[in-house]
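See below for the structure under consideration.
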Amino acid sequence: MAQKEDQFKKVISHAKEYGYIFQSSEIYDGLSAVYDYAQNGVELKKNIRDYWWKAMVQMHENIVGIDAAILMHPTTWKASGHVDAFNDPLIDNKDSKKRYRADVLVEEFREKINQKILKDIAKAQKRFGDAFNEDEFRATNPNVLRRQKQIDEITAELTRVQEENDLEGFKNLIVDLGITCPVSGSKNWTDVKQFNLMFGTQLGASADSSTKVYLRPETAQGIFVNFLNVQKTGRMKIPFGIAQTGKAFRNEIVARQFIFRMREFEQMEMQFFVKPGTQKEWYEKWKETRLKWHLSLGMGKDNYRFHDHEKLAHYADAAADIEFNFPFGFKELEGIHSRTDFDLKAHEEHSGKKLQYFDHEENQSYVPYVVETSIGLDRMFLAVFSNSLIEEELENNTTRTVLRLPAVLAPTKAAVLPLVKKDGLPEIARKIVDDLKWDFNVIYDEKDAVGRRYRRQDAAGTPFCITVDHDTLDNNTVTIRHRDTMEQKRVKIEELRDIIKQEVDVRSWLMKM
Ligand code: ATP
731 MAQKEDQFKK VISHAKEYGY IFQSSEIYDG LSAVYDYAQN GVELKKNIRD YWWKAMVQMH
791 ENIVGIDAAI LMHPTTWKAS GHVDAFNDPL IDNKDSKKRY RADVLVEEFR EKINQKILKD
851 IAKAQKRFGD AFNEDEFRAT NPNVLRRQKQ IDEITAELTR VQEENDLEGF KNLIVDLGIT
911 CPVSGSKNWT DVKQFNLMFG TQLGASADSS TKVYLRPETA QGIFVNFLNV QKTGRMKIPF
971 GIAQTGKAFR NEIVARQFIF RMREFEQMEM QFFVKPGTQK EWYEKWKETR LKWHLSLGMG
1031 KDNYRFHDHE KLAHYADAAA DIEFNFPFGF KELEGIHSRT DFDLKAHEEH SGKKLQYFDH
1091 EENQSYVPYV VETSIGLDRM FLAVFSNSLI EEELENNTTR TVLRLPAVLA PTKAAVLPLV
1151 KKDGLPEIAR KIVDDLKWDF NVIYDEKDAV GRRYRRQDAA GTPFCITVDH DTLDNNTVTI
1211 RHRDTMEQKR VKIEELRDII KQEVDVRSWL MKM
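All letters in the sequence shown, in the order written, are residues 731 to 1243 by our numbering.
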């Protein structure tokens, strides 16, 4: 655990040191759970967004994009249920004065029990070797059975108090489980209260004529209210999808995990409109497609898992998360939700306008069902960044820090380095930069010894270093060094473009899907 915490601290400091992420308004000591993307961060973020957009919009004939405004008519949020139900249950510890999400406290307590089960399994596996059967062990070992029963009971009660909005029951659950505050260690809790997560603001100048509006807490509603506009003007036939990336805002109660949980963040969402009755099929299809997209980046199959929801949101008939192995454990990275016709119907009711599709094959109109894929761009950034940061032991007993970003996402694709700052080498290096920059983000670097420059680029995540040396003057060749293998090859200057393209081209990455 301590090792993981250390790794997370390294991720945060590396992100700052190498120009990826800064705290917002740092000179004023920052603003809690708000971050700025720096010169390299903005490129990585853009590349992730593009990688998603290519896969979702460009590669699907029946998916188109929009860019709806952040501010929407306030009735939107009444219809969507956010005004009444977009709440988190919060609880304060009276001694530490710290505030927690009541559901998270219970879930973390439950996870600790689960970890004990996993420990027992690992121990038994070691003892019994090949003869070990996990299912049998789970079904017979008294310790595991007792703990599993406790987990099931906690899950059942948590689901009940949430579904019935039983705030007193919620507090009792926390008290009965003996959950203590991680800061004060005490069990001195306040009652559980509901807290709405939307940021409100005023539209219009004068106090009496102004309207209360909200900063959107999700991008999805901008798609729903435009459903018919897009369908008609794009002559879209069901099944079809509308995709959107953009900012969303949530006044999160507990926001302490760097860019994992922010108050201002970016989502990449796609709503897929289908014929009622076919939603289960499409839900399964999108679960599979989205996982493949993640796997295409080569960040390790074992780092992903599905978590199917037991407790469904008011709009869903099925829901699952793709969880990623973050430095602080497996946590939600993306959600796939079968949202039924809840949103379109609600907007029909509140607007008095029909939001129906005329199906020529069926010769009838209906409100389509919706399957949604929703991923946080910042969370994806954190997944990629934290997974890529590695401290590598080298053969000569030294270590190097390398940021092994998937080359397709790396902010800078190549650094061009003159071996020395004289003899005409800088001029050739500059010429190479001027030529390659039409196709890729490349930089010129002449400061320090070349070995240090390599290390600097390794740590910044640059996949290639191109070095111009004295042989270049004779034969127009340079060395190209690969970040991950550190291997160097001598190649002709004219070949550089193709070599780099092969490794960073979106096509070759997405083909792996
Ligand atoms: P969580 O349970 O972690 O609060 P959620 O289930 O509320 O997330 P959704 O409403 O399904 O999240 O939003 C879809 C995606 O948006 C999430 O999978 C996540 O990647 C991202 N996301 C949601 N809230 C935040 C946030 N506060 N900061 C960064 N990303 C977020």
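All residues carry an ideal CB built from backbone N, CA and C; glycine is no exception.
Beta-bridge pairing of residue i - partner residues as DSSP gives them
i: V794; result: I972
i: C1195; result: A1145, R1211
i: D736; result: Partner(s): none; D736 has no beta bridge.
i: K942; result: Q932
i: H1067; result: A1049, E1102
i: L1135; result: Answer is none; L1135 lacks a bridge partner.
i: P819; result: Q924
i: R1130; result: E1122
i: I1173; result: A1145
i: I751; result: Y767
i: H1024; result: Its beta-bridge partners do not exist; DSSP assigns none.
Span separating the alpha-carbon of residue i from that of residue j
i: N1117; j: N1055; result: 9 Å
i: K1161; j: V1208; result: 13 Å
i: D1051; j: S936; result: 44 Å
i: L835; j: L1124; result: 42 Å
i: N777; j: M1029; result: 16 Å
i: G679; j: I1120; result: In the structure as shown, the chain starts at 731 and stops at 1243, and residue 679 therefore has no counterpart that could be examined.
i: Q948; j: A978; result: Strictly speaking, residue 948 in this sequence is Glu, with Gln absent from that position. For E948 and A978, the distance between alpha carbons rounds to 5 Å.
i: D1273; j: G811; result: Because residue 1273 is not part of the residues shown, which for the chain are 731 to 1243, the question remains open.
i: E1091; j: E1011; result: 20 Å
i: Q974; j: H1044; result: 23 Å
i: N770; j: I800; result: 26 Å
i: V913; j: E838; result: 15 Å
i: L933; j: A852; result: 58 Å
i: K1061; j: Y1174; result: 39 Å
i: K706; j: F1170; result: Here the chain comprises residues numbered 731 to 1243, so residue 706 is not present and cannot be evaluated.
i: Y750; j: E1014; result: 35 Å
i: M786; j: F990; result: 23 Å
i: V772; j: V1221; result: 31 Å
i: P804; j: Y944; result: 7 Å
i: L1042; j: L907; result: 24 Å
Cβ pair residue i, residue j closer than 8 Å
i: F995; j: W1016; result: no
i: A1137; j: P1193; result: yes
i: I1210; j: K1219; result: yes
i: L1147; j: C1195; result: yes
i: V1180; j: T1202; result: no
i: K942; j: G952; result: no
i: A1189; j: Y748; result: yes
i: F816; j: M992; result: no
i: E1053; j: T885; result: no
i: Q753; j: P1057; result: no
i: A809; j: A1076; result: yes
i: V741; j: F1111; result: no
i: D1199; j: L1149; result: yes
i: R1227; j: L1166; result: yes
Near the ligand ATP: residue i beta-carbon under 7 Å from a heavy atom
i: S1104; result: yes
i: R1109; result: yes
i: G1310; result: Only positions 731 to 1243 of the chain appear in this structure, which leaves residue 1310 out of reach.
i: E1079; result: no
i: Q997; result: yes
i: V838; result: In the sequence under discussion, the amino acid at residue 838 is Glu, which differs from the Val named in the question. E838: no, Cβ never under 7 Å from the ligand ATP.
i: L835; result: no
i: R980; result: yes
i: G1059; result: no
i: E948; result: yes
i: E1062; result: yes
i: M992; result: yes
i: G1065; result: yes
Do three or more CB pairs link the region 953-970 to the region 902-919 at distances below 8 Å? no
Does the region 1059-1069 come close enough to the region 1092-1103 that 3 or more CB-CB pairs lie under 8 Å? yes
Hey, is the region 1090-1097 in contact with the region 828-836, meaning 3+ C-beta pairs nearer than 8 Å? no
contact_flag[the region 1023-1035, the region 1074-1093] where n(CB pairs < 8 Å) is 3 or more: no
Answer yes if the region 915-928 comes into contact with the region 890-898, meaning at least three C-beta pairs across the two stretches below 8 Å, and no otherwise. yes
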